[in-house]
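For what it's worth, full-length UniProt numbering labels the leading residue of the sequence shown as 1, then goes sequentially.
From the three backbone atoms N, C-alpha and C, an ideal C-beta is built for every residue, glycine too.
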Amino acid sequence: MTEKTQGFDTMQVHAGAKPDPATGARQVPIYQTTSYVFRDADHAAALFNLQEVGYIYSRLTNPTVMALADRIAALEGGAGAVCCSSGHAAQLLALFPLMGPGKNIVVSTRLYGGTVTQFSQTIKRFGWSATFVDFDDLDAVRGAIDENTRAIFGEAIANPGGYIMDVRAIADIADDAGVPLIIDNTSATPYLCRPIEHGATLVVHSTTKFLTGNGTVTGGCVVDAGTFDWSASDKFPSLSQPEPAYHGLVFQETFGPMAFTFHSIAIGLRDLGMTMNPQAAHYTLLGIETLSLRMRKHCDNALAVAEWLEKDERVTGVTFAGLPSSPYYERTKSVCPLGAGALFTFSVKGGYDACVKLVDSVELFSHVANLGDTRSLIIHSASTTHRQLTEEQQHAAGAAPDMVRLSIGIEDADDLIADLDQALAKATA
Ligand SMILES: *Cc1c(COP(=O)(O)O)cnc(C)c1O
Numbered sequence: 001m002t003e004k005t006q007g008f009d010t011m012q013v014h015a016g017a018k019p020d021p022a023t024g025a026r027q028v029p030i031y032q033t034t035s036y037v038f039r040d041a042d043h044a045a046a047l048f049n050l051q052e053v054g055y056i057y058s059r060l061t062n063p064t065v066m067a068l069a070d071r072i073a074a075l076e077g078g079a080g081a082v083c084c085s086s087g088h089a090a091q092l093l094a095l096f097p098l099m100g101p102g103k104n105i106v107v108s109t110r111l112y113g114g115t116v117t118q119f120s121q122t123i124k125r126f127g128w129s130a131t132f133v134d135f136d137d138l139d140a141v142r143g144a145i146d147e148n149t150r151a152i153f154g155e156a157i158a159n160p161g162g163y164i165m166d167v168r169a170i171a172d173i174a175d176d177a178g179v180p181l182i183i184d185n186t187s188a189t190p191y192l193c194r195p196i197e198h199g200a201t202l203v204v205h206s207t208t209k210f211l212t213g214n215g216t217v218t219g220g221c222v223v224d225a226g227t228f229d230w231s232a233s234d235k236f237p238s239l240s241q242p243e244p245a246y247h248g249l250v251f252q253e254t255f256g257p258m259a260f261t262f263h264s265i266a267i268g269l270r271d272l273g274m275t276m277n278p279q280a281a282h283y284t285l286l287g288i289e290t291l292s293l294r295m296r297k298h299c300d301n302a303l304a305v306a307e308w309l310e311k312d313e314r315v316t317g318v319t320f321a322g323l324p325s326s327p328y329y330e331r332t333k334s335v336c337p338l339g340a341g342a343l344f345t346f347s348v349k350g351g352y353d354a355c356v357k358l359v360d361s362v363e364l365f366s367h368v369a370n371l372g373d374t375r376s377l378i379i380h381s382a383s384t385t386h387r388q389l390t391e392e393q394q395h396a397a398g399a400a401p402d403m404v405r406l407s408i409g410i411e412d413a414d415d416l417i418a419d420l421d422q423a424l425a426k427a428t429a
């Protein structure tokens with residue numbers, strides 16, 4: 001791809017898109033169609049055999065959705081990508097070719113609340129399991145890996161506290177164990193962090209968040225670096241050996257660096273069905289055009305708000321990794337050199353009750369279970385997103401009862417600070 005030599009700001013506007021061949025339309029059209037006419041029976045057979053790449057049915061591929069997948073792949077520096085219906089779907093789609101009954105993943109304790117629930121509860125229904133470890137304790141990560149481990153999973157900038165993962169150190173452990181590292185890059189976006197450059201194999205996104213950026217549609221994406229040798233062991237038979245769900249096709253042999261991507265479309269989307277629709281892809285394509293501009297402002301605002309909070313007497317702690325007081329400050333410079341993101345927590349004098357009063361008192365911030373919007377958002381994780389967790393899990397996840405999470409938007413920082421100031425006054429009165 002020539003796109004890889006272009007700058008980020010160019011790729012976020014152009015990658016994956018060209019003037020529509022039928023009409024010359026400059027913006028990517030919304031191909032609102034479920035199916036595509038075959039030229040003839042031979043063409044149809046070639047498509048179904050994966051001998052020719054083309055469009056069959058929109059559960060598998062759609063031109064609008066493909067433009068988005070190609071754009072995200074280019075921004076992440078991956079070989080290929082697959083879009084799907086949500087971030088949670090992307091996590092399942094990423095794990096699906098790797099896992100089987102009795103297999104496990106080693107995951108960070110610091111994850112999006114819904115991911116903790118998906119990994120600690122729901123995947124058990126498939127016979128999969130997850131072992132949660134503190135990713136700052138590299139010996140613990142090594143110790144958690146066993147012969148049934150098939151992947152390691154963490155967030156580059158971890159929800160809700162904005163903790164920064166040492167992606168390279170964890171990638172080295174994954175390499176030694178012969179398993180892929182999967183990074184959820186939702187909070188960082190490829191503008192702040194490109195996990196593949198730090199050794200990750202797969203990158204998953206909730207495109208619902210910063211990539212779309214305007215709080216309109218849910219979506220997900222899995223990007224494959226295209227560098228992992230699935231045949232180096234017998235751990236990944238779906239990719240390295242004849243796949244019975246695709247009449248014995250050997251994906252790595254046939255598709256090389258695109259093996260994972262083709263498997264995720266031809267089997268993952270075909271049989272699990274968590275497809276992204278073209279309308280959603282359209283909104284996300286529009287959002288991505290301004291990703292770098294928004295992320296710069298998100299990061300500047302987050303730093304201004306975090307600096308103000310840290311000095312305030314009603315606040316007992318701020319986790320923003322862009323503050324020199326953060327234990328992650330130095331790591332930020334190598335993992336996300338352009339900024340520490342816009343997601344962090346702070347703790348309030350008065351604990352749980354004060355936090356509840358605070359979220360009830362904000363006027364400009366919106367109290368919602370979302371992040372990565374142009375609007376500033378606030379949530380008390382312990383009573384909402386991390387409510388299903390035990391108090392021990394809440395502490396491990398960085399969602400203690402006295403903590404409030406902010407997702408800082410692109411408004412004027414002074415207005416955000418003024419709103420927090422008046423809400424803190426009410427919460428701690
Ligand atoms: C929101 C989010 C998810 C889940 O994505 P959905 O699009 O809501 O399914 C996963 N990981 C992170 C870090 C998120 O912020």
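Item	Value
Through-space distance from A158 to A340, alpha-carbon basis	11 angstroms
Enclosing alpha helix (DSSP H) for T332 [first to last residue]	329-335
Residue from E243, Q279, K103, R71 whose Cα sits closest to the Cα of T33	Q279
Inter-residue spacing [alpha-carbon to alpha-carbon] between T149 and T207	27 angstroms
Status (buried if at least 16 other CB within 10 Å, exposed otherwise) for H205	buried
Inter-stretch contact (C-beta, 8 angstroms, three-pair minimum) for the region 335-353 and the region 315-322	yes
Cβ-heavy atom distance, N159 to ligand 1, below 7 angstroms	yes
Backbone CA spacing between T117 and A41 [nearest angstrom]	46 angstroms
Exercise answer, beta-carbon shell around ligand 1 heavy atoms below 6 angstroms	S86, G87, H88, Y112, G114, T115, E155, N159, D184, T186, S187, S206, T208, K209, T218, G220, L371
Near ligand 3: S376 beta-carbon under 7 angstroms from a heavy atom	With respect to ligand 3, the structure offers nothing, as its ligand set consists of ligand 1.
The beta strand (DSSP E) enclosing M295, as first and last residue numbers	Segment 291-311 is the alpha helix (DSSP H) holding M295; no beta strand (DSSP E) there.
Residue 432 - containing beta strand (DSSP E), residue span	With the chain covering 1 to 429 only, the question about residue 432 has no answer from this structure.
Beta carbon of S366 nearer than 8 angstroms to that of L358	no
Alpha helix (DSSP H) segments (min. 4 residues) lying fully within the region 60-118	63-76, 87-95
Endpoints, beta strand (DSSP E) assigned at A130	129-133
Per-residue burial, V222 [other beta carbons within 10 Å of its own, 16 or more giving buried]	buried
Continuous beta strand (DSSP E) assignments of at least 3 residues falling wholly in the region 223-270	none
Three-state class that DSSP yields for S381 in the structure shown	helix
Alpha helix (DSSP H) runs contained entirely in the region 165-211, provided each spans 4 or more residues	167-177, 189-192
Simplified DSSP state of F346, which is helix, strand or coil	strand
C-beta atoms of Y283 and A266 nearer than 8 angstroms	no
Runs of alpha helix (DSSP H) wholly within the UniProt region "Disordered" (1-25) (minimum 4 residues, chain order)	8-14
Whether I288 touches L211 by CB criterion (8 angstroms)	yes
Nearest candidate by alpha-carbon position, reference F153, set T390, A174, E147	A174
Buried or exposed by the 16-neighbour rule on C-beta atoms within 10 Å, applied to S35	exposed
Distance CB(L269)-CB(L60) smaller than 8 angstroms	yes
Straight-line gap, T115 to V404 (C-alpha atoms, nearest Å)	19 angstroms
Inter-stretch contact (C-beta, 8 angstroms, three-pair minimum) for the region 390-399 and the region 287-303	no
P190 burial status per 10 Å Cβ neighbour count (16 or more: buried)	buried
Cut-off 8 angstroms between Cβ atoms - residues of its own chain near T2, not counting five sequence neighbours on either side	For T2, the predicted model reports a pLDDT of 45, less than 50, meaning its position is unreliable and no value from the coordinates is stated.
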